[in-house]
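Mapping the sequence shown onto numbering that gives the first Met the number 0, position 164 (from 1) lands on 163, and the numbers just tick up by one.
Backbone N, C-alpha and C fix where the C-beta goes; we use that ideal spot for every residue, glycine too.
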Amino acid sequence: MTVTTLSTRPQMSEAEWKTRCDLAALYHILHYYRMTDMIYTHMTARVPGEDGTFLINSYGDLFDEITASSLLKMDMDGNVIGDEGNYNEAGFTIHSGVYKARPDVQCVMHTHTRAGIAISITKKGLLPISQDAALLMGDLAYHDYGTPSTQTECEALGHSCQKANNIILRNHGLLTVGRSIPSTFSRMYRLEHACSAQVAAMSMNDELIQISPQVLAEVEKKYGAFDTNLESGQLEWSAMLRLLDRLGTDYRR
């Protein structure tokens, strides 16, 4: 049975409330797929129609506890706007750095999954050995580990994310950015899938078959343009929202 939760919207624009609902849904989707690290890691989204503000989770909430109204609004200087709340300082450094460097980006995701961390530790990084990896190789960058919560790291990350929309943070985890919440989730799901497949393949202690550079170039030519389209990830996103409704997830409050 589908459960529809009526939302009680505080005083704010319809656009901000929709973004809050979508971002809260994103946290619950990651909880469903076990792409969490207790109260750590963070997903953010810009507030539509406002310069220099974004939404982030309240530090201390588990992903399945997050709701549209529990999200914090922040500016690029680290000030919480409206209701007071705690935020992850390292998270602010990461997300503000990306938003300052990439005006086109509307959503940023950062995870600490086992597979993502494992691949971030390997010298060769993600290899072109799976279909998911093939779809990523032309839009993938690496960022060397830096001291968290520093201005230097904020600026360095901003520089790294100018090169690609999928970033492997060395010795740390994964990061994806996009022009919408659905497209950013689609990238993270694909990147996580590629990392998981590689970790599983490496555990078999056999030689890995890599996709040829020619085929990789053809894949990039065919699918690269769609991945930057605003509609990218929308079909999957609609399916995820239906899943949350079937589960009775109360994120729209």
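Span of the beta strand (DSSP E) around residue i
i	result
Y141	L139 to H142
A132	Per DSSP, A132 belongs to no beta strand (DSSP E); it is in the alpha helix (DSSP H), Q130 to L135.
A155	A155 -> not in any beta strand (DSSP E); alpha helix (DSSP H) instead, spanning Q150 to S159.
M108	C106 to T110
R45	H41 to R45
N164	Counting along the chain, N164 falls outside any beta strand (DSSP E), and DSSP gives it neither H nor E.
T175	G172 to G177
Neighbour flag for residue i against chain D, beta carbons, 8 Å
i	result
F62	No chain D is part of this structure, which consists of one protein chain only.
Contacts around residue i, its chain only, beta-carbon distance under 6 Å, and the 5 residues preceding and following it disregarded
i	result
G84	S57 and L71
E219	G137
D21	I180
A155	G145
Cut-off 7 Å between Cβ atoms - residues of its own chain near residue i, not counting five sequence neighbours on either side
i	result
R186	N164, N165, T175 and G177
Residues bridged to residue i [DSSP beta-bridge criterion]
i	result
T52	D74
Range covered by the alpha helix (DSSP H) that runs through residue i
i	result
V97	E88 to A100
G115	R113 to I120
Residue i, DSSP secondary structure in three states
i	result
H27	helix
L246	helix
L190	helix
G124	coil
R251	coil
G81	coil
G145	coil
D63	helix
Proximal residues to residue i (C-beta, below 8 Å), its chain only, five neighbours per side dropped
i	result
T66	A23, D249, Y250, R251 and R252
Y222	L134
* Counting pairs of Cβ atoms below 8 Å between the stretch 164-178 and the stretch 91-105, do you hit three or more? -> Between the stretch 164-178 and the stretch 91-105 there are three or more C-beta pairs closer than 8 Å, enough to call the two in contact.
* Kindly confirm or deny that the stretch 118-131 and the stretch 38-55 touch, where touching means at least three C-beta pairs closer than 8 Å. => Three or more beta-carbon pairs separated by less than 8 Å are not found between the stretch 118-131 and the stretch 38-55, which leaves the two stretches without contact.
* Using 8 Å as the Cβ pair cut-off and three pairs as the minimum, do the stretch 104-115 and the stretch 31-43 touch? -> Short answer: they touch.
* Asked: Any chance the stretch 17-29 sits against the stretch 240-248, with 3 or more Cβ pairs inside 8 Å?
  -> With a cut-off of 8 Å, the stretch 240-248 and the stretch 17-29 count as touching, because enough Cβ pairs lie within range.
* Asked: When the Cβ atoms of the stretch 62-77 are set against those of the stretch 136-155, are three or more pairs found closer than 8 Å?
  -> They do not touch, by the three-pair rule.
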